[in-house]
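Throughout the sequence shown, residue numbering follows the working numbering, covering 22 to 345 in sequence.
What follows is a set of notes on a single structure, which appears directly below.
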Amino acid sequence: MKILQSIILLASVFSYSLYAQDAAKVQSRIEGTDRQQPAPLTGNTGGTQEASGGEAAASDTGAQRPISLKKDGVSAFFGYDSKYFYRSNPLAQKGDLKQLKTAMWTNTFYGGAGLGIIETDNSVVTPYVGASWTVNDYAESNLGSFNYNSTSAYALLLAQYGNGWSARIGVNYVNDRSAEFDTEDYSEFFPNVGVMKANRINDQTTGIFDAYVGQHSTTIAAIGTDGEDLLDNFEIAASYGIRYIQGDLTISPKYLLSYKTFENGSNSDRDDTTHNFSLKAEYPLADSVDLGFFAAYTLRDSSDTANDYKNLDSGVGLTLNARF
């Protein structure tokens, strides 16, 4: 029995030692993770985002209501998204673009609801709540210890105006857990405010401007000398994208610029500027089933050059969504 206990203890110590050795890489992976805005603002509701500017129905106030929302009651949506893709720098490390290249497979289950319509003199206001759960697996066996599961939730108020602008205020929550060690690697609360403007360029093309500011209040795994709130930062970001529809095919190029200023510990004097260029093409295979191809290039320029990185994603995805 004592021998068995000793073996179990040694295995536990070895696992913790391995996890501690990889803590810096886990932190880099966390910082390099693309955490999108909530589903009502990213199109995962089956049409409520970009449609709000280019394909909206006028309400009695003259403002515009997303066509997928009911006039009264709850409009719920849910879906499943699976992606298989190449990632050149999965741990967001400084150096060669292809230093840790791997394939990745992610599977996301998401759902949410618009909690009715509130009409004012000049706007339509919709409260939203929602959540998602994502399984992130690295195809390279030597990166298997970095596999993680991510949970997110949000609540927001979205106000849409007759001139095409919309404004929002909300809070997002994110939690990452190691699949290998069943430990919490990271969590954050992100209260934020934002604006969005969609304008019809022509019958086939819609331009979408989006901007937001918010405060990331974070907790990372307390290993070594890292403080629990080491990644706290204030972020301001803006993006512009184009949604072009040709027959059944939708093509969406987009550019996003993000600036973050950090506050605590060794990061107290750090500022990051991140550029993200993306291209997505979607084709419907059936009702509520879309096949997508995508590519994205990310470049981060940090005042602490040790945190500079670049990454290329490219792959294919399948999305199933429904609303009722």
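Every residue gets a Cβ at the ideal spot worked out from N, C-alpha and C, and that includes glycine.
Environment of Pro305 [buried if 16+ CB atoms lie within 10 Å]: exposed
Residues of its chain near Leu270, where Cβ-Cβ distance is below 8 Å and the 5 sequence neighbours each way are ignored: Same-chain partners within the cutoff: Ala302, Glu303, Tyr304.
Element boundaries [alpha helix (DSSP H), containing Ala160]: Run containing Ala160: none; DSSP gives neither H nor E here.
Cut-off 7 Å between Cβ atoms - residues of its own chain near Ala160, not counting five sequence neighbours on either side: Thr123, Ala124, Met125, Trp126
Cβ-Cβ distance between Val150 and Leu136 below 8 Å: Going by C-beta atoms, Val150 is nearer than 8 Å to Leu136.
Pairwise C-alpha distance: Ala134 and Ala210: Residue 210 is actually Phe in this sequence, not Ala. If you take the alpha carbons of Phe210 and Ala134, they lie about 20 Å apart.
CB-CB length for Leu339 against Ser103, believed under 8 Å: Yes, they are in contact, since the Cβ atoms of Leu339 and Ser103 sit about 5 Å apart, within 8 Å.
Exposure of Ile229, with buried meaning 16 or more beta-carbon neighbours within 10 Å: So Ile229 counts as buried.
Spatial neighbours of Asp81 in its chain, beta-carbon cut-off 8 Å, leaving aside the 5 residues before and after: Caution applies to Asp81, whose pLDDT of 41 falls short of 50 and renders its modelled position unreliable; the value that the coordinates give is listed next. Once the five neighbours on either side are set aside, the close Cβ partners of Asp81 are Glu140.
Paired residues, beta bridge with Lys104 - DSSP: Within the DSSP secondary-structure output, Lys104 pairs in a beta bridge with Thr127, Gly338.
First through last residue of the beta strand (DSSP E) which encompasses Ala317: Looking at the DSSP string, the run of the beta strand (DSSP E) that includes Ala317 is 310-323.
Distance between Asn157 and Phe202 (C-alpha atoms, nearest Å): 14 Å
CA nearest to the CA of Lys115, picked from Leu62, Ser238, Arg50, Asn170: Looking at the Cα atoms, Arg50 is the closest of the given residues.
Buried versus exposed, by CB contacts within 10 Å (16 or more), Asp311: buried
Cβ-Cβ distance between Val195 and Arg291 below 8 Å: For Val195 and Arg291, no; Cβs fall outside 8 Å.
Which of helix, strand or coil DSSP assigns to Gly185: coil
Nearest-angstrom beta carbon gap, Lys218 and Gly185 [assumed within contact, 8 Å]: 6 Å
N- and C-terminal bounds of the beta strand (DSSP E) containing Arg50: Run containing Arg50: none in the beta strand (DSSP E); it sits in the alpha helix (DSSP H), 44-53.
Nearest residue (CA-CA) to Leu62, options Ile190, Gly183, Asn128, Glu205: Ile190
Terminal residues of the beta strand (DSSP E) in which Leu306 lies: 292-307
Short Cβ contact (8 Å threshold) for Ala180 with Val192: In this structure, Val192 does not lie closer than 8 Å to Ala180 by Cβ.
For Lys331, three-class secondary structure by DSSP: strand
Closest Cα partner of Thr226 within the set Ser273, Leu278, Tyr169: Minimum Cα-Cα distance from Thr226 among the listed residues Ser273, Leu278, Tyr169 corresponds to Ser273.
Beta strand (DSSP E) segment containing Ala60, residue limits: Careful: Ala60 lies outside any beta strand (DSSP E), inside the alpha helix (DSSP H) at 60-63.
Pair within 8 Å by beta-carbon distance, Phe106 and Gly336: yes
Opening and closing residue of the beta strand (DSSP E) in which Arg264 lies: Counting along the chain, Arg264 sits inside the beta strand (DSSP E) bounded by residues 254-267.
Supposed close pair Ala316, Asp334 - CB separation, criterion 8 Å: 7 Å
Buried versus exposed, by CB contacts within 10 Å (16 or more), Asn223: exposed
Of the residues Asn143, Tyr330, Val47, the one placed nearest Ala188, counting alpha carbons only: Asn143
Buried versus exposed, by CB contacts within 10 Å (16 or more), Val47: buried
CA-to-CA distance, Tyr276 to Thr326, given in whole angstroms: 23 Å
Residue environment, Ser162, which counts as buried when at least 16 other CB atoms sit within 10 Å: exposed
Simplified DSSP assignment, three categories, for Phe211: Three-state result, Phe211: strand.
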